[in-house]
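One structure is given below, encoded as structure tokens.
There are 2 protein chains.
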Amino acid sequence: MADYTLYYWPLPFRGQFIRAVLAHTGKTWDEPDIDAITGVMGRDVDDQPLPFMAPPLVVDHANDVAMAQMPAVLAYLGTSLGIMPDDPERTALTHKIIADANDVLDEVTRFGGRSMWIREEWESFASDRLPRWAQIFEATGRAHGLQADSGHMLGTDAPGLADLATATLWFTMTAKLPELTDLVRENAPRVAALAHRIMSTEALAQMRDDTDTRFGNAWCGGQIEASIREMLNGD
Amino acid sequence: MADYTLYYWPLPFRGQFIRAVLAHTGKTWDEPDIDAITGVMGRDVDDQPLPFMAPPLVVDHANDVAMAQMPAVLAYLGTSLGIMPDDPERTALTHKIIADANDVLDEVTRFGGRSMWIREEWESFASDRLPRWAQIFEATGRAHGLQADSGHMLGTDAPGLADLATATLWFTMTAKLPELTDLVRENAPRVAALAHRIMSTEALAQMRDDTDTRFGNAWCGGQIEASIREMLNGD
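Just so you know, the sequences run in chain order A and B. The numbering of the first sequence is this note's numbering, which starts it at 55 and goes up by one. The numbering of the second sequence is this note's numbering, which starts it at 55 and goes up by one.
Written as structure tokens, this is what we have:
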């Protein structure tokens, strides 16, 4: 039996952050199919593992704990698996970086595809807020000693949750949407290098091989992914 | 000089969660005006107190720490002010409740007013997802022993960050949009009672008097608040 069960759509997107943490810490997990996910989502709230709205949902079998909401799942795993900083400021900064990553996902996908991209709005986003987000990550890393070829987001000795979240965000986005690679490299060169280093470790390369095999070239999925690709191919 | 500086718009909304924590823990804070907020937002990321996109931003003067992103600010304050649970599971549950609260704010405001409400979509939201959110909070409290007239969201002895976040969400929303009171009472009666108890303590009643004086009847502000009120008044 696997250590954890991850209920998440067959896509990278938010689930990939959780997969990265589990792979990096040497844990095993299984992923139920879509019917199981929609089944647990649709139950009466009192019959759910914990009352929750939408995936990701993670069950820690050894400790009989269920947790939902990507930032809360990462907080739970980060603390219990020993990759959270040990001081309140850097712990909060880790939460801040995760919230920023979540905002970037929301903004690129227009909040889960609530509307489709139109050319003028995409151009504005890709020349203003998206590079600004990349600069925010870069400045955060730089403030804590991140170098082009070494170091971590928050100056820790070993890669922590903030590094894994940062790497998952920018590496996965540019691997699946390679037209964004230059934007990220130009606005966040140290972060791009960190993301490449982190995601190239044996554990994370193997996790990516597995998800690439399962999900192909998909990133967020749905009509909004088609809309993003339409914008990128038209550039 | 105040203990903290809170950069947030002259509105309850996300800022009210931070005000509630500071008031509950007996701290003082000042709130710079809109020009100061837009000034710090617009700076080059390397010249900001910490690189960030948008308010809330909090500066802790005693410890010389700046933090942004509402969930990360609450995590920082919760930990450093001693209102975070002392075990990893309930700490993660606190993060989960805060993320849920943040999602409720996003959904009611259609992600910061990215589109306006139309009648059919509002009716669907107000009869499906919004009551479901209320039920999620109620089931969470009930699972940890919350009673109609006593107890806390996570079964702690004293009110913690999860209680303050829950109370701020549902009390403020129904105080400013009273048409939603019945929906919340019917789907989350214990949470509604908890919210009333918490927000009626001397410290929090005084905080509310102050923000009511400063912000009047506003909740999230902007065109989207007008759109929400149009839906509610048409019911």
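Here a beta-carbon is modelled for each residue, glycine too, at the ideal position from N, C-alpha and C.
Around the beta-carbon of E174 of chain A, fewer than 16 other beta-carbon atoms lie within 10 Å, marking it exposed. Across the structure, L135 of chain B and T79 of chain B are spaced so that their CA atoms are roughly 7 Å apart. Look at M121 of chain A here: in three-state DSSP terms it is strand. Per DSSP, reduced to three states, the secondary structure at W83 of chain B is strand. Along the stretch 178-207 of chain B, going in chain order, the ones with a CB nearer than 9 Å to a CB of chain A are R183, R186, W187, Q189, I190, F191, E192, A193, T194, R196, A197.
Between I88 of chain B and L215 of chain B, the C-beta spacing is not below 8 Å. The C-beta distance from P142 of chain B to Y130 of chain A rounds to 6 Å, short enough to meet the 8 Å contact threshold. Going by DSSP, L248 of chain B is part of the alpha helix (DSSP H) stretching over 243-253. Using a Cβ-Cβ cut-off of 9 Å, A216 of chain B is close to nothing in chain A; its nearest Cβ partner there is about 11 Å away. Distances from the alpha-carbon of L223 of chain B to those of B:N241, B:A249, B:E233 put B:A249 closest. Under the DSSP assignment, T59 of chain A falls in the beta strand (DSSP E) whose first and last residues are 58-61. In this structure, V112 of chain A lies away from P105 of chain A, with their beta-carbon atoms at least 8 Å apart. Going by DSSP, V112 of chain A is part of the beta strand (DSSP E) stretching over 111-114. The closest CA to that of R183 of chain A, considering only A:R164, A:L200, A:D118, A:R168, is found on A:R164. By the C-beta criterion, the stretch 62-71 of chain B is judged to be in contact with the stretch 270-280 of chain B, since at least 3 inter-stretch pairs fall below 8 Å. Across the set B:Y58, B:R283, B:A116, B:R251, the C-alpha of B:Y58 shows the shortest separation from the C-alpha of P110 of chain B. In this structure P125 of chain A is not in contact with I91 of chain A, their Cβ atoms being roughly 19 Å apart against a cut-off of 8 Å. Taken in chain order, the members of the stretch 137-149 of chain A whose beta-carbon sits within less than 9 Å of a beta-carbon on chain B are P142, E143, T145, A146, L147, T148, H149. R144 of chain A is positioned such that its CB atom lies closer than 8 Å to that of L208 of chain A.
Secondary structure of S169 of chain B (DSSP, three-state): coil.
Only those residues of the stretch 157-172 of chain A whose C-beta falls short of 8 Å from the nearest C-beta of chain B are listed: D157, D160, R164, F165, R168, S169.
Of the candidates A:T194, A:L258, A:W176, the residue whose Cα lies closest to the Cα of E284 of chain A is A:W176. Flagged as an interface residue toward chain B: Q123 of chain A, by a C-beta distance shorter than 8 Å. With a threshold of 8 Å between beta carbons, M107 of chain B makes contact with chain A. Taking all protein chains in view, the Cβ of R262 of chain B is crowded by 16 or more other Cβ atoms within 10 Å, so the residue is classified as buried. Selection A:K230, A:T82, A:A247 evaluated against F191 of chain A yields A:A247 as nearest (Cα-Cα).
Residues of chain A with a Cβ closer than 9 Å to the Cβ of D84 of chain B do not exist; the shortest Cβ-Cβ separation is about 21 Å.
In the structure shown, the three-state DSSP call for A202 of chain B is coil.
Contact between the stretch 197-208 of chain A and the stretch 70-79 of chain B is absent: fewer than 3 CB-CB pairs across the two stretches fall below 8 Å.
The Cβ-Cβ distance between V238 of chain B and T228 of chain B falls below 8 Å.
Residue burial annotation: G195 of chain A is buried, with at least 16 other C-beta atoms found within 10 angstroms of its C-beta.
Contact check for Q189 of chain B against A242 of chain B passes: the beta carbons are separated by less than 8 Å. When rounded, the separation of the alpha-carbon atoms in N117 of chain B and G132 of chain B is 15 Å. The residue among B:T265, B:F71, B:K230, B:D217 with its C-alpha nearest the C-alpha of I252 of chain B is B:D217.
The C-beta separation of I72 of chain A from L128 of chain A comes to about 7 Å, placing the pair in contact by the 8 Å criterion. Within its own chain, the residues whose Cβ lies closer than 7 Å to the Cβ of P86 of chain B, once the five positions on either side in sequence are excluded, are T59, Y61, listed in chain order.
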